[in-house]
Structures are given as C-alpha cells and as structure tokens.
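Numbering (this note's numbering), first residue to last: 1 to 94. Every residue gets a Cβ at the ideal spot worked out from N, C-alpha and C, and that includes glycine.
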C-alpha cells in the first residue's frame, strides 16, 4: 500500500492530538486505526505521521489477506476484507 502524498498535511482535530499525546505519554503504546474501506484510515495515518514525525510509524495491513484459495477452503471468500480474512500471522512476522 502506498500512503497518499500531499503537499499540505490533512489537519487533525486538536482533540484527537490531545488523546494521542496522552497515550504516548504513558509509553509503550500502539495505536490501531480501523474503519470501512474509503473511510480515511490511510489519510488519517499520514496526517499523524506528518504531525509526529519519527515518533510515529505506519504499518498498513493491505496486502495481508489470506490467499483466495485459503478463503474458499475456509468458506470466507465472500468475506474478503473482513477481520477474519487477513493473514495475521504473516503480518506480525514482518
């Protein structure tokens, strides 16, 4: 997955920055961003990356779906994109 490239970072609601700052102050935190396709997850992730610089990393899950054959075998082909259609072990291993 390629994150969107913009000349100006997307503005983030200051209340969200305050919440993330509180999480970061506690240390050892991982922030997950979830939502429907097209909801703005990648845009929000890029905005956080622009705001926090080297304090942030983006680890997208795109490309970590189970193979179509495996989804068919598991009876989940119709649910591709649902949480149980991702190769979580493969993702964690990277």
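Using only alpha-carbon positions, find the residue among the options that is nearest to residue i.
i: residue 32; options: 38, 45, 88, 82; result: 45
i: residue 30; options: 36, 19, 40, 12; result: 19
i: residue 12; options: 76, 62, 51, 60; result: 51
Do residue j and residue i count as a contact pair if the criterion is CB distance below 8 Å?
i: residue 65; j: residue 87; result: yes
i: residue 94; j: residue 43; result: no
i: residue 68; j: residue 82; result: no
i: residue 80; j: residue 71; result: yes
i: residue 55; j: residue 24; result: yes
Within 10 angstroms of the Cβ of residue i, are there 16 or more other Cβ atoms? Answer buried if so, exposed if not.
i: residue 48; result: buried
Kindly indicate which three-state DSSP category residue i falls into: helix, strand or coil?
i: residue 64; result: coil
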